[in-house]
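Single-structure report; data block below.
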Amino acid sequence: MPELPEVESLRRLLARSVIGRTIVSAQINEPRLRRAVAPDFRSAVGGRTIEGLRRRAKYLIVDLSGGSSMLVHLGMSGSLTHRDARFAPGQFDSRHDHVCFQLDDQSALVYNDPRRFGLLKLVPRGELDSTAELKAIGPEPIGEGFNVNYLMDKTRGRRAAIKTVLMDQRVVAGIGNIYAAEILFRAGVKPTRRAGRLTRLEAEQIVGATPAILREAIDSRGTTFRSYRDSRGRPGKFASRLKVYGRAGEPCYACSTTIRNTVVGQRASFYCPHCQR
DNA sequence: AAACATTCCTGCACGC
DNA sequence: TGCGTGCAGGAATGTT
């Protein structure tokens, strides 16, 4: 699931229900994620109050009392769901509910991740920006840092495909395979275009399309392409608004040309050969 | 049964 | 030669 819009949707939803709640206890059923959950994780979060929720790139940051923050990454298949007291017991997924946080109102925050590519890590709040996961992340795409001059600067001399560059977290934060495809369609730029050969006008189109697409996706609570669910277990609605992703063989909504799927940087890449140049 | 929403690592090629 | 950078490829893994 999880690119920037999904994580941002998750942050907003959880903010309503878990800020101010205290973690009574944490239960780790399976520590082997992308990297193993630290041995002291359980004791370090126990008794802490959730003071705030932030997002950086595709990471959810859970600020805890006592000065530490929990970095959460959902990998390919992760989800964090808030389960109501009355449903919590019966909803246990013994196979993939890897970490379970019991909150002080009898509800539970559950980290579920079938493929276990995700990450759960505690970091002293002051060290967040310099921690391995975040230190090299580029500017947020919704914000002034991601502008035309910046994109032109970052792409000059690069012969990688523009789509690959857009998905490079060091260039810009939070864009993955689905939204890169949608952004490039909106911008009218082929995913295979060499980044270094972007014209200024094309860079403007991309920089303009990026926050637009991401905002629309956030407003729809993200995309459920396969199995993503939000913090209340609901699918996102943006899937029905995808213009190219997953639509190979179907007609372009703008010009009826058949949408193609080609491999760019080892990732499936959908585009309209007529609308995108 | 091939494909897959993410990140991280290795190794090669190239240029200074 | 040595070093840094860019880029391709592959691995991690379970589900549909």
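Here the first sequence is numbered in our numbering, starting from 52 and rising by one per residue.
Glycine is no exception: its CB is placed at the ideal position from the N, C-alpha and C atoms.
Supposed close pair Arg245, Ala212 - CB separation, criterion 8 Å: Looking up residue 245 in the first sequence gives position 194. Looking up residue 212 in the first sequence gives position 161. Yes, Arg245 and Ala212 are in contact; Cβ-Cβ is about 7 Å, under 8 Å.
Span of the beta strand (DSSP E) around Gln256: For this step, residue 256 is matched to residue 205 along the first sequence. From DSSP, Gln256 is part of no beta strand (DSSP E) but of the alpha helix (DSSP H) over 251-270.
As assigned by DSSP and simplified to three states, the class of Glu184: Translated into the one-based positions of the first sequence, residue 184 becomes position 133. Three-state DSSP puts Glu184 in coil, outside helix and strand.
DSSP-derived helix/strand/coil call for Val240: Here residue 240 refers to the residue found at position 189 when the first sequence is read from its first residue. In this structure, Val240 counts as coil in the three-state DSSP scheme.
Among Val223, Leu65, Gly177, nearest to Glu191 - alpha-carbon criterion: Locating residue 191 in the first sequence gives position 140, where the first residue counts as 1. With respect to the C-alpha of Glu191, the residue from Val223, Leu65, Gly177 having the closest C-alpha is Val223.
Simplified DSSP assignment, three categories, for Ile310: Here residue 310 is taken as the residue at index 259 of the first sequence, counted from 1. Looking at Ile310 - three-state DSSP - the assignment turns out to be coil, as it is neither helix nor strand.
Alpha-carbon spacing of Gly141 relative to Phe152, whole angstroms: For this step, residue 141 is matched to residue 90 along the first sequence. For this step, residue 152 is matched to residue 101 along the first sequence. In this predicted model, Gly141 has a pLDDT of only 49, less than 50, meaning its place in the structure is not dependable; the value taken from the coordinates is given anyway. Near 16 Å, if we compare the C-alpha coordinates of Phe152 and Gly141.
Proximity of Asp122 and Glu184 at Cβ, strictly below 9 Å: Against the first sequence, residue 122 aligns to sequence position 71. Against the first sequence, residue 184 aligns to sequence position 133. Asp is not the amino acid found at residue 122; the sequence shown has Leu there. Contact annotation: Leu122 and Glu184 have beta-carbon atoms nearer than 9 Å.
Residues that Arg134 bridges to, as DSSP identifies them: Residue numbering aside, residue 134 sits at position 83 when the first sequence is read from its first letter. Arg134 pairs with Ala159.
Inter-stretch contact at 8 Å, needing at least 3 Cβ pairs: the segment 250-264 / the segment 231-239: Flag = yes, the segment 250-264 and the segment 231-239 touch.
C-beta atoms of Phe289 and Ala268 nearer than 9 Å: In the first sequence, residue 289 corresponds to position 238, counting from 1. In the first sequence, residue 268 corresponds to position 217, counting from 1. It is a contact, given that the beta carbons lie within the stated cut-off.
Inter-stretch contact (C-beta, 8 Å, three-pair minimum) for the segment 80-93 and the segment 292-311: No: the two stretches stay apart, fewer than three of their Cβ pairs being nearer than 8 Å.
For Leu104, the first and last residue of its enclosing alpha helix (DSSP H): Numbered from its first residue, the first sequence carries residue 104 at position 53. Boundaries for Leu104: no alpha helix (DSSP H) harbours it, while the beta strand (DSSP E) harbouring it runs 101-107, taken from the DSSP string.
Chain-order list of residues whose beta-carbon lies under 7 Å from that of Gly97 (same chain, five-residue window excluded): Counting from 1 along the first sequence, the entry for residue 97 is found at position 46. The answer, listed in chain order, is Ile74, Ser76, Ala77.
Helix, strand or coil at Pro190 [DSSP, three-state]: If you number the first sequence from 1, residue 190 lands on position 139. Here Pro190 sits in coil by DSSP.
Nearest-angstrom Cβ-Cβ length linking Asn228 and Arg107, presumed shorter than 8 Å: Locating residue 228 in the first sequence gives position 177, counting from the first residue. Locating residue 107 in the first sequence gives position 56, counting from the first residue. Actually they do not touch by this definition, with Cβ atoms about 20 Å apart.
DSSP three-state assignment for Ala319, whether helix, strand or coil: Translated into the one-based positions of the first sequence, residue 319 becomes position 268. Ala319: strand per DSSP, three-state reduction.
C-alpha gap between Thr308 and Lys241, whole angstroms: As a first step, residue 308 must be located in the first sequence, where it is residue number 257. As a first step, residue 241 must be located in the first sequence, where it is residue number 190. Rounded to whole angstroms, the separation of the alpha carbons of Lys241 and Thr308 is 14 Å.
One or two residues paired with Val222 in a DSSP bridge: Counting from 1 along the first sequence, the entry for residue 222 is found at position 171. Beta bridge pairing from DSSP links Val222 with no other residue.
Those residues which DSSP pairs with Gln78 across a bridge: As a first step, residue 78 is located in the first sequence; it is residue number 27 there, counting from the start. According to DSSP, which records beta bridges pairwise, Gln78 is partnered with Cys151.
Extent of the continuous alpha helix (DSSP H) to which Pro330 belongs: As displayed, the chain neither begins before 52 nor continues past 328, which places residue 330 out of reach and without an answer.
Limits of the unbroken alpha helix (DSSP H) element including Leu84: Walking along the first sequence from the start, residue 84 turns up at place 33. Counting along the chain, Leu84 sits inside no alpha helix (DSSP H), nor does DSSP assign it H or E at all.
Own chain, CB closer than 7 Å to Gly169, minus 5 neighbours either side, in chain order: The count along the first sequence starts at 1 and reaches residue 169 at position 118. When the five nearest sequence neighbours on each side are left out, the beta carbons in the same chain lying within less than 7 Å of the beta carbon of Gly169 are those of Leu84, Arg85, His124, Leu125, Gly126, Gly129, in order along the chain.
Ile234 CB to nearest heavy atom of the ligand FAD below 8 Å: In the structure shown, the ligand FAD is absent, as is every other ligand, since no ligand is present at all.
Continuous alpha helix (DSSP H) stretch holding Tyr201: start and end: Position 150 of the first sequence, counting from 1, holds the residue named residue 201. First-last of the alpha helix (DSSP H) with Tyr201: 199-206.
Close-in-space but distant-in-sequence residues of the same chain around Arg62 (CB under 8 Å, 5 per side omitted): Numbered from its first residue, the first sequence carries residue 62 at position 11. Apart from the 5 residues on each side of it in sequence, Arg62 sits with its Cβ closer than 8 Å to the Cβ of Leu104, Arg105, Arg106, Leu111 in its chain, given in chain order.
C-alpha gap between Gly316 and Leu55, whole angstroms: Numbered from its first residue, the first sequence carries residue 316 at position 265. Numbered from its first residue, the first sequence carries residue 55 at position 4. Rounded to the nearest whole angstrom, the C-alpha separation of Gly316 and Leu55 is 20 Å.
Beta-carbon gap between Gly287 and Ser60 smaller than 9 Å: The residue you call residue 287 lines up with position 236 of the first sequence. The residue you call residue 60 lines up with position 9 of the first sequence. Between Gly287 and Ser60, the CB-CB gap stays under 9 Å.
Whole-angstrom distance between Cys306 and Ile226, CA atom to CA atom: Mapped onto the first sequence, residue 226 falls at position 175. Mapped onto the first sequence, residue 306 falls at position 255. Straight through space, the alpha carbons of Cys306 and Ile226 are spaced by roughly 26 Å.
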